[in-house]
Amino acid sequence: MLKLLGLDLPEASAHAAHVDTLIGAFTVLILLLAGPVIVLMFAFGIRYRRGKQVNREHAPNRNVALEVSWTIVPFLLILGFFIVSAKMFFTIHEPPADAMSISVVAKQWMWKFQHPEGQAEIDTLHVPVGQAIKLTMTSQDVIHSLYIPALRLKQDVLPGRYTQLWFTADRPGTYHLFCAEFCGLDHATMGGSFVVLPPAAYARWLAAQASGGSLATAGGALYRRLGCGACHGSDDTARAPRLTGLYGSTVTLAGGQRVVADDQYLHDAILDPNAQETAGYKPIMPTYRGVIGEEEAMQLVAYIRSLKSVPEERR
Amino acid sequence: MSRAGMHDAAREDLAPLRTEAEAASYLGGDTSLKAWLTTTDHKRIAILYLITITCFFAIAAVAAALIRLELLTPQADLLSAEGYNRAFTIHGIIMVWFFLIPSIPNVFGNFLIPLMIGARDLAFPRLNLASWYIFVFGGLFTLAAIVFGGVDTGWTFYTPLSSTYANGNVVLALAAVFIAGWSSILTGVNFIVTIHKLRAPGMTWGRLPLFVWTHYATALILVLATPVLTVTLLLVAAERIFGLGIFNPALGGDPLLFQHLFWFYSHPAVYIMVLPAMGVVSELVPAAAHKKLFGYWFVAYSTLAIAFLGFLVWGHHMFVSGESMYASTIFSFLSLIVAVPSAIKVYNWTATLYKGSIALNAPFLFAMGFIGLFVMGGLTGLMLALLAIDVHVHDTYFVVAHFHYIMVGGAVTAFLGAAHFWWPKMFGRMYNEVWGRISAVLIFVGFNVTFFPQFLLGYMGMPRRYHVYPPEFQTLHDISTAGAGLLGLGYLLPLIYFLYSFRHGEPAPVNPWDATGLEWTVPSPPPEHNFEETPIVLRDPYDYPLSHDSSLR
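In the order they appear, the protein sequences are chains A and B.
Counting in my numbering, the first sequence runs from 2 upward without gaps.
Counting in my numbering, the second sequence runs from 5 upward without gaps.
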């Protein structure tokens with residue numbers, strides 16, 4: 002029917018095709034459940050309209066078996082759909098380990114995407130076909146939502162928090178990219194294109210883009226510019242915890258609580274250091290909120306992440 | 005001039021228009037403006053609400069018209085981005101809090117609950133009047149917010165947009181909804197006490213009309229959920245005015261906290277809007293079919309079940325918000341369970357028609373319209389409760405279509421059904437039945453032409469709250485706008501023939517539909533004190549046929 006109207010929403014991933022199947026199947030279920038009600042309403046309305054001679058003897062006004070069956074049967078059918086859709090939902094929340102990481106910062110009213118080698122683009126996202134992509138997203142101001150209909154995916158992008166979205170696009174093409182969460186004045190124009198390229202074309206595209214170096218490199222430069230090393234760089238760890246090997250390790254907080262040092266933890270530790278004091282250290286680190294933005298925070302986090310595998314001399 | 009003199013003068017002026025029954029009713033007596041504005045009669049307060057919410061409906065409908073006209077083309081022609089954002093915000097705030105929430109409960113609930121249970125008035129008549137004044141006071145804040153330039157946060161007030169970034173009159177709008185919330189709470193308390201304490205002898209819980217059951221459930225939600233909203237709005241105002249860090253992470257707040265609190269109220273609020281509508285339809289269907297409602301207890305308990313489950317599903321508004329995947333899964337499951345009590349009602353209404361003697365009159369056509377649109381809205385709601393589908397269609401026109409099917413297709417259609425059913429009782433006049441049927445059909449058709457294309461738009465990926473959009477969506481938007489024209493006409497018609505009936509309508513008999521229910525045993529319109537003597541209820545509800553019982557005629 003949609004195709005008759007000249008409308009065709011492309012399926013740019015296997016997940017998109019699965020969602021369409023689910024929607025189609027549930028539409029059939031809607032017809033099965035609603036059809037009898039609509040048909041019977043009309044049929045009864047005509048057959049038993051007032052003034053018409055028709056057998057109205059022994060009209061029932063309760064029937065427990067009927068009530069129970071029209072309660073249970075539709076529910077079991079719906080439960081089947083619940084299980085299938087929950088499985089799909091779990092899948093889109095568990096990115097594969099080899100996914101290529103792209104960082105996303107949203108602000109009123111633009112999207113900034115940064116590729117692993119540092120190439121940045123605004124409002125348009127280029128990705129290679131067949132490669133799992135993981136977007137790590139945050140917002141500089143209000144809540145936004147990255148929505149790519151061709152993938153049947155969206156994820157809200159929150160200030161002060163990292164959210165993720167992953168996908169494997171399997172059909173080259175140019176598709177819509179929208180902001181789906183109302184974010185103020187120019188919400189309707191906060192979007193652009195999602196471009197899926199064959200791997201070779203993607204490589205060519207990457208090569209043609211200027212790059213200020215990878216996120217971690219930029220983060221390293223920022224680390225030096227802000228003078229973080231004055232406390233964190235020395236081998237004497239009296240003033241501040243060492244950053245090498247920090248990423249992924251377990252940190253004991255002053256309250257005795259233990260947390261894993263992931264992206265979110267590092268982000269919060271930079272922007273709001275006193276909220277999560279590390280046990281054994283005085284709360285002397287100044288906050289960097291207002292000093293650096295979310296993009297710089299992402300670069301610093303990437304730099305600290307890179308210190309995991311590369312030992313001392315990188316500092 | 006003495007009060008008696010004014011009274012006589014008023015009566016002389018209206019003498020040719022006024023039947024004896026009207027003069028002896030709650031509409032007679034002191035008809036001065038002061039008497040109306042200081043009345044504690046639940047019936048007059050219901051009329052005050054009817055006038056007030058009709059005005060608000062008109063304002064919000066103008067905003068809707070602006071929205072639909074702007075969307076005729078993919079570019080911004082009629083409204084700028086700012087104008088459009090303000091139009092949909094005002095449309096949402098007024099339609100939800102100043103029309104839908106008070107619509108059926110405060111007009112028909114107010115008027116009918118005492119009559120249906122055999123009481124003289126609500127338990128706290130002065131509180132009832134106070135709740136109207138508070139409501140109007142809140143309404144003035146809304147109007148002030150519009151007059152001073154509007155507000156552009158969306159009716160959902162998501163933070164930190166509303167608390168930090170938006171430029172409009174956010175605090176005025178928050179105050180408006182905050183104040184209206186108090187009115188809701190007072191009405192809820194009043195209904196609960198009334199239904200518990202003022203039932204006539206013999207009016208047991210098993211003999212309560214379902215209209216009263218659904219209002220009981222609605223009142224419970226009003227009392228339990230509304231305080232959460234009012235406190236939340238206060239917190240948003242505190243962050244906006246004083247910079248207290250509650251919701252904005254830049255101030256140390258939590259970006260998702262607002263959504264949890266807001267939907268903890270606003271999902272139950274959906275049932276505040278639709279349960280009374282279900283109550284109306286549960287009256288209209290047996291009255292049209294002249295047959296006992298099928299499965300009375302199933303319908304009554306499903307009402308309470310919906311009210312209870314409504315408190316456990318708020319997280320289904322947040323599947324893509326960053327809420328935990330496990331929380332989302334549980335909310336998805338609980339949301340699907342709501343289908344069970346809803347389906348029970350629909351199937352029971354349909355089964356009531358079997359072997360009935362069905363009058364195909366205007367109230368019945370509205371009731372059928374409600375069932376059709378509610379079924380469509382409910383089943384697409386299940387689609388939205390399915391996690392993987394919601395991730396695609398959340399925040400698109402699919403959601404817009406879904407909730408308009410429930411709120412407008414459901415609640416507004418039932419509101420009009422109630423108006424057509426009880427109009428003769430409320431005002432003692434019959435309206436033009438043929439125009440009533442035409443309007444019911446026109447609204448049903450106009451509604452579907454307006455909102456069905458929006459399901460397709462949503463599936464195609466058209467996000468909400470966009471005044472400009474990619475050109476491929478234009479055909480569907482244009483169909484939708486054309487439908488809105490039909491729908492607007494459908495809503496205008498009743499206004500005309502109802503007003504016309506005041507002067508030219510036939511005087512209504514006591515029981516024009518031969519319906520059961522205590523409200524049909526008192527004159528049309530009812531006298532000020534409702535019942536000459538307290539009725540004693542000996543019969544079950546919907547005890548059709550009535551033919552052998554001349555006392556009810």
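Yeah, the Cβ is synthetic: ideal placement off N, Cα and C, and Gly gets one too.
Which residues bound the beta strand (DSSP E) around residue i?
i	result
G193 of chain A	G193 to L198
L147 of chain A	H145 to I149
C1 of chain A	The question about residue 1 of chain A has no answer here: the residues shown for chain A are numbered 2 through 316.
P231 of chain B	Not the beta strand (DSSP E): P231 of chain B falls in the alpha helix (DSSP H), residues L214 to F246.
I103 of chain A	M101 to K108
P129 of chain A	T125 to P129
T253 of chain A	T251 to T253
V303 of chain B	Careful: V303 of chain B lies outside any beta strand (DSSP E), inside the alpha helix (DSSP H) at Y300 to L313.
R48 of chain B	Premise fails: R48 of chain B lies in the alpha helix (DSSP H), H46 to E74, not in any beta strand (DSSP E).
Tell me whether residue i sits in a helix, a strand or coil according to DSSP, three-state version.
i	result
R543 of chain B	coil
W517 of chain B	coil
I98 of chain B	helix
E24 of chain B	helix
F121 of chain A	One point to set straight first is that residue 121 of chain A is Ala, not Phe, in the sequence displayed. In the structure shown, A121 of chain A sits in a strand (DSSP, three-state: E or B).
Q165 of chain A	strand
D171 of chain A	coil
W112 of chain A	strand
P109 of chain B	helix
K155 of chain A	strand
R51 of chain A	coil
T279 of chain A	strand
S286 of chain B	helix
Does residue i have its Cβ less than 7 Å from a Cβ in chain B?
i	result
Q210 of chain A	no
I134 of chain A	no
T164 of chain A	yes
H94 of chain A	yes
V38 of chain A	yes
I20 of chain A	The question names Ile, yet the displayed sequence has Val at residue 20 of chain A. True, the Cβ-Cβ gap to chain B drops below 7 Å.
S86 of chain A	yes
G161 of chain A	yes
According to DSSP, residue i sits in a beta bridge with which residue or residues?
i	result
P467 of chain B	B:T400
M434 of chain B	Partner(s): none; M434 of chain B has no beta bridge.
T139 of chain A	A:V106
A133 of chain A	A:T169
Between residue i and chain A, is the shortest Cβ-Cβ distance under 7 Å, so that the two count as touching?
i	result
H552 of chain B	Confidence is the limiting factor: at H552 of chain B the pLDDT is only 46, short of 50, which leaves the residue's position unreliable, though a coordinate-based value still follows. Cβ-Cβ to chain A under 7 Å: no for H552 of chain B.
V344 of chain B	yes
L390 of chain B	yes
K349 of chain B	no
R469 of chain B	yes
S6 of chain B	For S6 of chain B, the predicted model reports a pLDDT of 42, less than 50, meaning its position is unreliable; a value from the coordinates is still stated below. No, S6 of chain B lies away from the interface with chain A (no Cβ there is under 7 Å from its Cβ).
M282 of chain B	no
T307 of chain B	no
P511 of chain B	no
Y53 of chain B	no
A418 of chain B	no
Considering just the uninterrupted stretch of the alpha helix (DSSP H) at residue i, what are its terminal residues?
i	result
K349 of chain B	A343 to L357
D482 of chain B	Q478 to H508
W186 of chain B	V174 to K201
M120 of chain B	N114 to I121
R240 of chain A	Here R240 of chain A belongs to no alpha helix (DSSP H), and DSSP marks it neither H nor E.
R48 of chain A	A15 to R48
R225 of chain A	L216 to R226
Inter-stretch contact (C-beta, 8 Å, three-pair minimum) for the segment 422-434 of chain B and the segment 471-487 of chain B: no
Touching by the beta-carbon criterion (3+ pairs, under 8 Å), the segment 97-109 of chain B and the segment 49-60 of chain B: yes
Inter-stretch contact (C-beta, 8 Å, three-pair minimum) for the segment 220-235 of chain B and the segment 119-127 of chain B: Taking 8 Å as the limit for Cβ pairs, the verdict is that the segment 119-127 of chain B does not touch the segment 220-235 of chain B.
Stretch-stretch touch, CB-based, cutoff 8 Å, three pairs: the segment 452-462 of chain B with the segment 391-405 of chain B: Output reads yes: the segment 391-405 of chain B touches the segment 452-462 of chain B.
Touch test, the segment 69-86 of chain B against the segment 134-144 of chain B, Cβ-Cβ under 8 Å, three pairs minimum: No: fewer than three Cβ pairs fall under 8 Å.
Validate contact between the segment 141-148 of chain A and the segment 168-188 of chain A using beta carbons, cut 8 Å, 3 pairs: With contact defined as three or more Cβ pairs closer than 8 Å, the segment 141-148 of chain A and the segment 168-188 of chain A are in contact.
At least 3 beta-carbon pairs within less than 8 Å: the segment 306-314 of chain B vs the segment 269-282 of chain B: yes
The segment 518-538 of chain B touching the segment 440-459 of chain B, judged by at least three CB pairs closer than 8 Å: no
The segment 206-217 of chain A contacting the segment 133-140 of chain A, beta-carbon criterion three pairs below 8 Å: no
Stretch pair the segment 190-197 of chain B + the segment 236-245 of chain B: three plus CB contacts closer than 8 Å: no
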